[in-house]
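For reference, the structure is listed below as structure tokens.
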Amino acid sequence: MCGVFGVVLPSGRDSEAAQIAALGLFALQHRGQESAGIAVSDGRELMLYKDLGMIATVLDERRLPSLRGNLAIAHCRYSTTGSTVWENAQPTFRLGPRRAVAIGHNGNLVNTRELLGQLRGGRTRLPASTDTELLTALLADEPAADTVDALVRVLPRVHGAYSLVVLDERRVIGVRDPFGFRPLVLGRLPAPDAVDGALEPGLWGDDDAGAGWILSSETTGLDIVGAEFVRDVEPGEIVVLEPGRAPRSVRFADAKPALCVFELIYFARPDSYMEGRNLYEVRRRMGMQLADEHPVATDLVMPVPDTGAPAAAGYAERSGIPYREGLVRNRYTGRTFIQPSQTLRHRGVTMKLNPLREVVRGQRLTVVDDSIVRGTTTKQIVALLRKAGAAEVHVRISAPPIYHPCFYGIDTQIETELIASTHSTEEIREFIGADSLGYLSIAGVLTALDLPYDRFCFACFDGNYPEPVPYDARSRKFMLEEEPGPGLALPIAPGSGGRG
Ligand code: SF4
Numbered sequence: 012m013c014g015v016f017g018v019v020l021p022s023g024r025d026s027e028a029a030q031i032a033a034l035g036l037f038a039l040q041h042r043g044q045e046s047a048g049i050a051v052s053d054g055r056e057l058m059l060y061k062d063l064g065m066i067a068t069v070l071d072e073r074r075l076p077s078l079r080g081n082l083a084i085a086h087c088r089y090s091t092t093g094s095t096v097w098e099n100a101q102p103t104f105r106l107g108p109r110r111a112v113a114i115g116h117n118g119n120l121v122n123t124r125e126l127l128g129q130l131r132g133g134r135t136r137l138p139a140s141t142d143t144e145l146l147t148a149l150l151a152d153e154p155a156a157d158t159v160d161a162l163v164r165v166l167p168r169v170h171g172a173y174s175l176v177v178l179d180e181r182r183v184i185g186v187r188d189p190f191g192f193r194p195l196v197l198g199r200l201p202a203p204d205a206v207d208g209a210l211e212p213g214l215w216g217d218d219d220a221g222a223g224w225i226l227s228s229e230t231t232g233l234d235i236v237g238a239e240f241v242r243d244v245e246p247g248e249i250v251v252l253e254p255g256r257a258p259r260s261v262r263f264a265d266a267k268p269a270l271c272v273f274e275l276i277y278f279a280r281p282d283s284y285m286e287g288r289n290l291y292e293v294r295r296r297m298g299m300q301l302a303d304e305h306p307v308a309t310d311l312v313m314p315v316p317d318t319g320a321p322a323a324a325g326y327a328e329r330s331g332i333p334y335r336e337g338l339v340r341n342r343y344t345g346r347t348f349i350q351p352s353q354t355l356r357h358r359g360v361t362m363k364l365n366p367l368r369e370v371v372r373g374q375r376l377t378v379v380d381d382s383i384v385r386g387t388t389t390k391q392i393v394a395l396l397r398k399a400g401a402a403e404v405h406v407r408i409s410a411p412p413i414y415h416p417c418f419y420g421i422d423t424q425i426e427t428e429l430i431a432s433t434h435s436t437e438e439i440r441e442f443i444g445a446d447s448l449g450y451l452s453i454a455g456v457l458t459a460l461d462l463p464y465d466r467f468c469f470a471c472f473d474g475n476y477p478e479p480v481p482y483d484a485r486s487r488k489f490m491l492e493e494e495p496g497p498g499l500a501l502p503i504a505p506g507s508g509g510r511g
């Protein structure tokens, strides 16, 4: 996962870009909670601040004023390559012979080892253990004089998932891999009087040349800063944003769209829009499909909060069974799935959910969630509800079973971590302790989306990987921390980092 954000303001507005970037990133906090950072440029030089922790802690009001510049990129991290250490936080930064660049990356590369070999035959020393660090080094060291030309030369060699925000001294650049695995949208800051005076009047005209421009992983990042959605950055496209100029589009590869369908099922915020669809509505329709595919006679339908709520609402609507909330979520703990270790995941479940005994006691429950990955979370939830007095617990999942690992930016890299890859549905039901268990089918997902299969990646459900995954890319989250050769001593100096 990871959230990326970029902003370009007219020249001279050096006090605002970092603030807007921090605000925009704040709307993407759900995409990564391990670290956060901002890189800015005032047209002459780059400055970077990053640290481990939540966005509000890292990018607080004492630090933002010192990050001066009218160009900024920002990043929050969820690790899929490399450990959760300061060096691996993003944006990355590298001063090469031709340019200084900073990068924020959402995705995961699948040919990291091959790229490492391309860095001066593996002799380049990296300050962090992430694929983004490799990409940053390749870009900074590329001999082409211009950053966009350098990207056009480097990107065809890079395989896997990458939605990038790139910063050099003079511009912010948005990039999406040819498959568009991860989302990235372009937005335009409107005339200031349209944002309740939050920004001074007269900064932006109605023409594009005077506008401010935004890049964001999700449309929620546009909403929070008052920007209008313009369009998606297309798969295989580079979008160049410079102060005082309209956005420029450069295509570096043909588009082969395969947006991660899990973004729509679970990961992205329900108030975001993807493929022209509001994700709350998409998830509500998935719940309706689920009710059609797996009906069950119960007294109440309830969600596993918060992400199961839209599908539970749809299930209740279609089935006619009353909707009630029977689990209260502590909003101040991280999302269970994106904690980096199994130990933390275990602690996370019990820290964040508490049953409402008055609602649950004596009731037959249909409990709707959006996924079962390892099964441990669902098992604990069923146990919580039974302990609170539930008469029956029927689990319904608004996604198909996850049989295969993801190599494009989700940290489920080992098949044996996925309960569905080693257990039948009946065995999973038994493991989680439910009275019954039902998953939404791929056909049901497509009916809810009302879009064709070939627009999406469904690989973790059906094993049909859009981009081939080399054998040595499998199960290698810590690849760059193993076998440190002569050119890869880790960690080294502070000042660079991560990936997403
Ligand atoms: S494998 Fe699954 S999680 Fe990964 S990009 Fe494809 S659909 Fe998304």
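In our numbering, the protein residues as written are 12 to 511. Here a beta-carbon is modelled for each residue, glycine too, at the ideal position from N, C-alpha and C.
Practice prompt. In the DSSP assignment, find the unbroken beta strand (DSSP E) run with C471 in it and report its ends.
Written response: In the sequence shown, the residue the question calls residue 471 occupies position 460. Looking at the DSSP string, C471 is not in any beta strand (DSSP E); the run it does join, the alpha helix (DSSP H), is A470 to D473.
Fill in: Minimum C-alpha distance to A33 - residue among G23, R55, G54 and L82
Residue 33 sits at position 22 when you count from the first residue of the sequence shown. Looking at G23, R55, G54 and L82, the one whose alpha-carbon comes closest to that of A33 is L82.
Worksheet entry | Classification of I421 by the beta-carbon crowding that lies within 10 angstroms, buried from 16 upward | Here residue 421 is taken as the residue at index 410 of the sequence shown, counted from 1. I421 should be labelled buried.
Worksheet entry | P21 to V112 span [Cα, whole Å] | On the sequence shown, residue 21 is found 10 positions in, with the first residue counted as 1. On the sequence shown, residue 112 is found 101 positions in, with the first residue counted as 1. Take the alpha-carbon of P21 and the one of V112: they are about 20 Å apart.
Worksheet item: In terms of DSSP beta bridges, what is Y334 paired with?
Response: Mapped onto the sequence shown, residue 334 falls at position 323. Paired residue(s): V312.
Item to complete: To the nearest angstrom, report how far apart M285 and L275 are at their CA atoms.
Response: Here residue 285 refers to the residue found at position 274 of the sequence shown. Here residue 275 refers to the residue found at position 264 of the sequence shown. Approximately 7 Å, taken between the alpha carbons.
Worksheet item: Going straight from the alpha carbon of E27 to that of E239, what length do you get?
Response: Within the sequence shown, residue 27 is the residue found at index 16, counting from 1. Within the sequence shown, residue 239 is the residue found at index 228, counting from 1. Each residue's Cα considered, the two are about 18 Å apart.
Practice prompt. Please confirm whether I392 and V315 have their CB atoms less than 8 Å apart.
Written response: Here residue 392 refers to the residue found at position 381 of the sequence shown. Here residue 315 refers to the residue found at position 304 of the sequence shown. Contact: yes.
Practice prompt. Determine the extent of the beta strand (DSSP E) in which Y450 is found, giving its start and end residues.
Written response: Here residue 450 corresponds to residue number 439 of the sequence shown, with the count starting at 1. Per DSSP, Y450 belongs to the beta strand (DSSP E) from S447 to Y450.
Discussion item. Taking 7 Å as the cut-off, is the C-beta of V272 nearer than that to any heavy atom in the ligand SF4?
Written reply: Mapped onto the sequence shown, residue 272 falls at position 261. Under cutoff, so the answer is yes.
Practice prompt. Just list the beta strand (DSSP E) runs in the stretch 139-201, keeping only unbroken ones of 3 residues or longer that don't cross its boundaries, in chain order.
Written response: Unbroken beta strand (DSSP E) runs of no fewer than 3 residues, entirely contained in the stretch 139-201, are found at 174-178, 183-187 and 196-200, following chain order.
Fill in: 8 Å contact criterion, which L175 and V186 should meet: CB distance rounded
Along the sequence shown, read from residue 1 onward, the residue named residue 175 stands at position 164. Along the sequence shown, read from residue 1 onward, the residue named residue 186 stands at position 175. About 4 Å separates the CB atoms of L175 and V186; that is less than 8 Å, so the two are in contact.
Worksheet item: In three-state terms, what does DSSP make of N289?
Response: Numbered from 1 along the sequence shown, position 278 holds the residue referred to as residue 289. The DSSP-derived three-state label of N289 is strand.
Practice prompt. Closer than 6 Å by C-beta to E253: which residues in its own chain qualify, once you throw out the five before and the five after it? Chain order, please.
Written response: To locate residue 253, count along the sequence shown from 1; it is residue 242. Cβ neighbours of E253 beyond the five flanking positions: R182.
Discussion item. Give the list of continuous beta strand (DSSP E) stretches no shorter than 3 residues that lie fully inside the stretch 399-437.
Written reply: Those beta strand (DSSP E) runs which fall completely within the stretch 399-437 and span 3+ residues are 403-408.
Fill in: Top-ranked residue by Cα proximity to A67, from G48, M58 and L59
Indexing the sequence shown from 1 puts residue 67 at position 56. Per the Cα distances, G48.
Discussion item. Does the distance between the C-beta of Y450 and the nearest non-hydrogen atom of the ligand SF4 fall short of 7 Å?
Written reply: The residue given as residue 450 occupies position 439 in the sequence shown. Y450: no, Cβ never under 7 Å from the ligand SF4.
Discussion item. Please classify D465 as buried or exposed, where buried requires at least 16 neighbouring CB atoms within 10 angstroms.
Written reply: By one-based count along the sequence shown, residue 465 stands at place 454. D465 should be labelled exposed.
Item to complete: Please confirm whether any heavy atom of the ligand SF4 lies closer than 7 Å to the CB of Y419.
Response: Residue 419 sits at position 408 when you count from the first residue of the sequence shown. Yes; taking the cut-off as 7 Å, the Cβ of Y419 has a heavy atom of the ligand SF4 nearer than that.
Fill in: beta-carbon F240 near the ligand SF4 non-hydrogen atom, thresh 7 Å
Position 229 of the sequence shown, counted from the start, is the residue given in the question as residue 240. No - the ligand SF4 has no heavy atom lying nearer than 7 Å to the Cβ of F240.
Worksheet item: Measuring CB to CB, does V251 end up less than 8 Å from R259?
Response: Along the sequence shown, one-based indexing puts residue 251 at 240. Along the sequence shown, one-based indexing puts residue 259 at 248. Taking 8 Å as the cut-off, the beta carbon of V251 is found closer than this to the beta carbon of R259.
Worksheet item: Expressed to the nearest angstrom, what Euclidean distance is found between the alpha-carbon atoms of R329 and P306?
Response: To locate residue 329, count along the sequence shown from 1; it is residue 318. To locate residue 306, count along the sequence shown from 1; it is residue 295. For R329 and P306, the gap between their C-alpha atoms comes out near 10 Å.
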